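Trainee:
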Amino acid sequence: MYEIVTKQELASNIHLIELAAGDVAKKAKPGQFVILRLDEKGERIPLTIAGVDLEKGTVATAFHAVGKTTKKLAKMKAGDSLMDVSGPLGNPAELKKFGRVLLVGGGVWCAPLYYLAKALREKGNELVIVAAGRTGDGLIFEKELEEVSDEFYVATDDGSKGYEGLGFLKDVLEAQKFDHAVAMGQVVLLQTVTELTKPYGLKTMVTLASLMVDGTGMCGACRVTVGGETKFACMDGPEFDGHLVDFEELIKRQRIYLPEERMASMIYEKLGGDVKLG
Amino acid sequence: MDKEKRKHAVPMAKQDVLERIHNFYEVALGYNEEQALAEAERCLQCPKPQCVKGCPVDIDIPAFIKEIKEGNFLAASAKLKEKNSLPAICGRVCPQENQCQKFCILGKMGDPISIGRLERFASDYERTKGVTVSPKKSGVKGRVAVVGSGPAGLTAAADLAKLGYDVVMFESLHSAGGVLMYGIPEFRMPKKIVQAEVDYIQKLGVELKTNYTIGKIFTIDELFESGFDAIFVGSGAGLPHFMRIPGENLGGVYSANEFLIRVNLMKAYLFPEYDTPIRIGKKVAVIGGGNVAMDSARSALRLGAEEVYIVYRRSKEELPARAEEVENAEEEGVNFRFLTNPVKFLGDESGWVKAIECIQMELGEPDASGRRRPVPIEGSEFIMDVDTAVIAIGQTPNPLIQRTTEGLETTKWGTIVVKEETGETTKRGVYAGGDVVSGAATVISAMGAGKKAARSIHEYLMNKKGAKKGE
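Residue numbers (our numbering), protein chains in the order written: chain D, 5 to 282; chain P, -7 to 463.
Below, the structure is given as structure tokens:
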């Protein structure tokens, strides 16, 4: 069992938890993920690591309570325990001195982006960071990201805070020269960012949150076409060159279990708990 | 016993076919006491038993059968466990027809002794009566890490614990058992039986650490640094092969691994009580002809598919699956499309598979495996409508450990190179066995390799200790 050591709601339905998993904490690097399972009947869900505390022996991760498992997790409290925490899985994000780096995070992904930003900063990079969200209320880690950046922007889909949409990045990219870019967020955001950076030949890494079951290379549910080749996000990624990713296919693959996910989530809400068959 | 009677094995009851295609309960029901006694009675108790030659773990087969014959069922189980720590598993999934039973003298004039069924009976009997564990031997000092908790790892861990070593077994998934948990379906290998065997191994003193993916959380070298004296790698063949044909990433196209992990390990057949879903269509094609393909096809039927096809590029004679599994699949209504090979998957607008374009094959000259090579017949392409496809064309070892361990030699197939007799790898103190060495093979051959490696590790550590003393 793995204890939830701390838990806080950062924004509406967005939570940050620290989990007691000392061995995972010792090895975790920005860009890697953990797989959680809440209980005996639970599914395995991948969540990107948002930091570690070696003294406490904890791993932090943020999640948006949108499906059954994350809604259930949102109801759990500090002191409760999860059945399984497996990690660190996947490869770390590339970490070195690139020079000037553009970082774009969407919604809940601003948490793991901050973990990466700190590490990039330590390597001596200059950081231009964009925190994006659907609405101003959904933004997290704004202050922290701003602190670690040289230049900081906020953008929301509805324009309720900062720029409306990511279109403004065109001007930023026109005006400055970047050596590297990383985007973390929903697939649509990743696609938008890579389309914006493409004309400038700016290599843009994207962290994919593909559908996964085991997360260790066994099932292939996370397969994604990168540069015309099939890759496993769990083993070969989750960070890939965004200009080579087939986003159309990725979006379709992510929707495979949408009806089941909606059903499970609805049943959970309506019943206020788990179902029992028979 | 009259001669005529001795010729025929006592049949084992199976769940009725019309019932079983709607549930995941075990198909083969096992012997009751009376049946076991009758079958054991047939054994000739040969002075020079041939059956033993066919057993990769050297079970004293006549001795355990004699115990059954005399009604000493617990003693029979104890006899089995002298050599085999997982008899309830072997009794179910060993291909006995190619091993012990193949050599049985009775087989020359009738049915060989049903060694597997008797093994299953004795171990099931013991489990229902409460398993007894002999106390751990003391006096031997040493820590051994076992990487992977499938058949090879479980066997190596058990044997090493019995020798008195401190054993820690690392498993990357959340349950121990490897392929017995994630791969082989409930109706062939009930998960509570696997867990009972895992419990037994833990009672022997083995410490189990689940959720530890070696190669990620610790490398092999880090395990040595943390104080292990030797390491056994039994990480299996977990990486699924795909066909590398167009449309393979459409929704509804699964690797057999994904399909079976969802169904077996995650119990997707009980969704939404269990959280992991699986989407199964009306018409399912399973590509491949091995046991994994049969398991996938039979699982698809139980999940409610109306038509299930095995699509295999060679002919029935070349099917690599066990005859018994093919027979079960046929009985349950799985259709076979022999000499057929997929060329591409076709999808609908939403990105879901709707058909497979296939080509007819014919058998040409024998290839390296000795089987006749399938050759496409030009212009014979045709469309097969399906809404689910499962690719079961084989697995290779997961490369994680090989990639992160310096000095560990591998073949071009990604398997770890070992000395056949000992399981020694090219890295000192590291031993390997099972599918990670042989490529996807059988449960019992992996167990045999685990056993051999445990013996070699013991010798290695004894010598090391001896050398230290002599310094």
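Heads up, the beta-carbon is just placed ideally off N, CA and C, and yes, glycines get one too. Since this is a predicted model, take the numbers as computed values, not measurements.
How would you list, in chain order, the residues of chain D whose beta-carbon sits under 7 Å from the beta-carbon of residue 266 of chain P?
Mentor: 45
Trainee: Residue 71 of chain P lies in the alpha helix (DSSP H); which residues open and close that run?
Mentor: 65 to 75
Trainee: Cutting at 6 Å between CB atoms, please list the residues of its own chain near residue 240 of chain D, excluding the five before and the five after it.
Mentor: Once the five neighbours on either side are set aside, residue 240 of chain D has no close Cβ partner at all.
Trainee: So is residue 53 of chain D in contact with chain P if we call contact Cβ pairs under 7 Å?
Mentor: no
Trainee: State the beta-bridge partners of residue 344 of chain P as determined by DSSP.
Mentor: Within the DSSP bridge table, the entry for residue 344 of chain P names P:243 as partners.
Trainee: Any chance you could list the alpha helix (DSSP H) runs of at least 4 consecutive residues sitting entirely within the segment 212 to 243 of chain D, in chain order?
Mentor: You should have 237 to 240.
Trainee: Report yes if the C-beta distance between residue 211 of chain P and residue 396 of chain P is below 7 Å; otherwise report no.
Mentor: yes
Trainee: Are the segment 16 to 23 of chain P and the segment 34 to 54 of chain P touching, with three or more C-beta to C-beta distances below 8 Å?
Mentor: no
Trainee: Any idea what DSSP makes of residue 384 of chain P, helix, strand or coil?
Mentor: coil
Trainee: Applying the criterion that 16 or more other CB atoms from any shown protein chain within 10 Å of the CB defines a buried residue, is residue 444 of chain P buried or exposed?
Mentor: buried
Trainee: Three-state secondary structure (DSSP) at residue 92 of chain D?
Mentor: strand
Trainee: Are three or more beta carbon pairs between the segment 128 to 145 of chain D and the segment 154 to 173 of chain D nearer than 8 Å?
Mentor: Judged by Cβ distances under 8 Å, the segment 128 to 145 of chain D makes contact with the segment 154 to 173 of chain D, as three or more pairs qualify.
Trainee: Could you tell me whether the segment 273 to 281 of chain P touches the segment 379 to 390 of chain P, where touching means 3 or more Cβ pairs closer than 8 Å?
Mentor: yes
Trainee: Exposed or buried, what is residue 294 of chain P when buried is set at 16 or more other beta-carbons lying within 10 Å of its beta-carbon?
Mentor: buried
Trainee: Measuring CB to CB, does residue 482 of chain P end up less than 7 Å from residue 432 of chain P?
Mentor: Nothing can be reported for residue 482 of chain P: it is not among the residues displayed for chain P, which extend from -7 to 463.
Trainee: Select from the segment 208 to 221 of chain P all residues with a C-beta closer than 7 Å to any C-beta belonging to chain D, and list them in chain order.
Mentor: 208, 209
Trainee: Reducing DSSP to helix, strand and coil, say where residue 287 of chain P ends up.
Mentor: helix
Trainee: Contact criterion: CB-CB distance below 7 Å. Does residue 221 of chain D meet it with respect to chain P?
Mentor: Contact of residue 221 of chain D with chain P is assigned, a C-beta pair being separated by under 7 Å.
Trainee: Would the segment 132 to 152 of chain P count as touching the segment 53 to 65 of chain D if we require 3 or more Cβ pairs under 8 Å?
Mentor: With the cut-off at 8 Å, the segment 132 to 152 of chain P and the segment 53 to 65 of chain D do not touch.
Trainee: Does the beta carbon of residue 271 of chain D come closer than 7 Å to any beta carbon on chain P?
Mentor: yes
Trainee: My output table needs one value for residue 446 of chain P: the three-state DSSP class, helix, strand or coil.
Mentor: Helix, per DSSP.
Trainee: What does DSSP give as the partner residue(s) for residue 53 of chain D in the beta ladder?
Mentor: D:65
Trainee: Just to make sure I have the definition right: I need the residues of chain D whose C-beta is within less than 7 Å of the C-beta of residue 243 of chain P. Which are they?
Mentor: 256, 257, 260
Trainee: Run the CB neighbour count on residue 324 of chain P, radius 10 Å, all protein chains shown included, and call it buried at 16 or more, exposed below.
Mentor: buried
Trainee: Could you tell me whether any Cβ in chain D is nearer than 7 Å to the Cβ of residue 390 of chain P?
Mentor: yes
Trainee: Quick one: list the residues of chain P neighbouring residue 276 of chain D, beta-carbon separation under 9 Å, in chain order.
Mentor: Neighbourhood of residue 276 of chain D in chain P, by CB distance below 9 Å: empty, with the nearest CB roughly 14 Å away.
Trainee: Helix, strand or coil for residue 17 of chain D? Go by DSSP, reduced to three states.
Mentor: Three-state DSSP puts residue 17 of chain D in coil, outside helix and strand.
Trainee: With 7 Å as the threshold, decide whether the Cβ of residue 166 of chain P is near any Cβ in chain D.
Mentor: yes
Trainee: Can you grab the Cα-Cα spacing for the pair residue 197 of chain P / residue 261 of chain D, in whole Å?
Mentor: In a straight line, the C-alpha of residue 197 of chain P is about 42 Å away from that of residue 261 of chain D.
Trainee: Scan the segment 134 to 217 of chain P and note each continuous alpha helix (DSSP H) run of 4 residues or more that stays entirely inside, going in chain order.
Mentor: Runs of the alpha helix (DSSP H) spanning 4 or more residues and lying entirely within the segment 134 to 217 of chain P occur at 143 to 154, 171 to 174, 183 to 195, 212 to 217, in chain order.
Trainee: With a CB to CB cut of under 8 Å and the five nearest residues on each side skipped, what residues in its chain are close to residue 278 of chain D?
Mentor: 45, 272
Trainee: Does residue 375 of chain P pass the burial test, meaning 16 or more other C-beta atoms within 10 Å, or should it be called exposed?
Mentor: exposed
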